[in-house]
Amino acid sequence: MQVGLIVPVLVVSLAMGSISSVVRADEGLPWEHRTPFREGAIHYEMSGTQQGTEILYIKDFGRFRVKQSQSTMNVLGRTINARTREVTTPEWVFRYDLNERWGEKNSNPARLYQQEYEQLSQGEQKVFAANAAQIGPSLFENAGSIVRSRSGNMLGFICDQVSFGGFSSSCLLHDTDIPLKVEARVMGAINQLKAVRIDLVSPVPEELFVPLTDIHTAVNEEAEAMLRQAIHQAVQVLKQPDGISTLQKQARQFLPREDEEAVPEQRVPTRLLRRTVR
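Take the sequence shown: its letters are residues 1 to 278, numbered as in the numbering used here.
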């Protein structure tokens with residue numbers, strides 16, 4: 001969770017509405033779902049206002065991940081270059097700005113969800129699991145989204161199609177929270193992140209999964225507190241039989257009216273819990 005993007009985390013956490021059948025309750029909790037391959041690398045290209053490349057390295061069926069990005073963006077006539085790395089372990093999510101030599105970390109949301117889930121009674125756990133099964137393994141990522149399971153195919157893999165209010169759409173690797181394609185309309189421009197190659201043959205660089213020691217990384221305490229509170233409230237909602245309808249009501253306030261243009265930073269919830277891995 002980047003420093004300036006933590007505010008909408010509760011809304012993002014409580015967000016998935018109107019969903020078609022995604023997974024069954026007996027297939028495990030969302031954060032327990034695994035990638036269809038043990039390890040590999042997904043290569044992406046960015047286009048639109050932000051251009052560049054991104055590689056997502058995966059180990060142990062998605063429990064360990066590294067996202068490495070290099071991009072450029074033109075802001076008010078000035079070109080901004082960015083190089084970032086995000087390292088996800090079962091316990092932590094580390095984020096690094098490789099240009100500014102800056103870093104921070106927060107708890108892996110999946111661990112916090114598991115902790116909250118274990119505090120529920122057996123009856124509440126059953127209700128939560130049933131509701132979570134309808135939401136799917138992307139773990140509440142998009143407010144008001146519609147998910148169509150097994151409705152697409154990219155690079156030889158089955159995708160779940162996700163759309164949000166006509167402003168964004170994505171193709172997630174089936175039964176996971178990993179995008180193969182994301183399109184978002186921002187102030188009339190189309191930004192896209194698209195997988196162009198999935199490499200399941202080349203060895204995954206082990207050194208990338210080791211948190212950097214030459215960049216000081218501390219817990220973002222404010223973000224951590226808000227994340228924990230958001231996940232607590234999400235679980236409290238989803239333990240209720242009417243949890244899904246409650247999520248739908250909360251999501252509607254973030255859908256722009258038909259007669260106005262969406263302002264992304266105010267209207268479209270930030271993709272904040274994408275790294276909710278097992």
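All C-beta atoms, glycine included, are put in the ideal place defined by N, C-alpha and C.
Item	Value
With 16 other Cβ atoms within 10 Å as the buried cut-off, status of residue 164	buried
Pair within 8 Å by beta-carbon distance, residue 98 and residue 111	no
Simplified DSSP assignment, three categories, for residue 56	strand
Local conformation of residue 153 per DSSP, three classes	strand
Between the CA atoms of residue 128 and residue 42 - distance to the nearest angstrom	32 Å
Buried versus exposed, by CB contacts within 10 Å (16 or more), residue 202	exposed
Residue 283 versus 28, 32, 38, residue with shortest Cα-Cα distance	No answer is possible for residue 283: the residues shown for the chain start at 1 and end at 278.
CB of residue 105 within 8 Å of CB of residue 209, strictly	no
CA-to-CA distance, residue 80 to residue 74, given in whole angstroms	6 Å
C-alpha distance - residue 11 paired with residue 40, whole-angstrom precision	Low confidence applies to residue 11: its pLDDT is 36, below 50, so where it sits in the model is not reliable, and the reading given next is rough at best. Cα-Cα distance, rounded: 32 Å.
One or two residues paired with residue 226 in a DSSP bridge	Residue 226 pairs with nothing; no bridge assigned.
Secondary structure of residue 68, DSSP reduced to three states	strand
Beta-carbon proximity of residue 243 to residue 153, cut-off 8 Å	no
Counted within 10 angstroms of its Cβ, other Cβ atoms place residue 143 as buried (16 or more) or exposed	Here residue 143 scores only 43 on pLDDT, less than 50, and its place in the model is too uncertain to base an answer on.
Separation of residue 196 from residue 225, as counted between CA atoms	37 Å
Ranges of the beta strand (DSSP E) found wholly within the region 167 to 193, counting only runs of at least 3	168 to 173, 179 to 186
Any 3 or more C-beta pairs closer than 8 Å across the region 27 to 35 and the region 185 to 193	no
Which of helix, strand or coil DSSP assigns to residue 163	strand
DSSP three-state assignment for residue 142, whether helix, strand or coil	Unreliable positioning characterises residue 142 in this predicted model, as indicated by a pLDDT of 44, which lies under 50. The coordinate reading is nonetheless provided below. In this structure, residue 142 counts as coil in the three-state DSSP scheme.
Proximity winner among 185, 157, 156, 176, relative to residue 168 (alpha-carbon distances)	185
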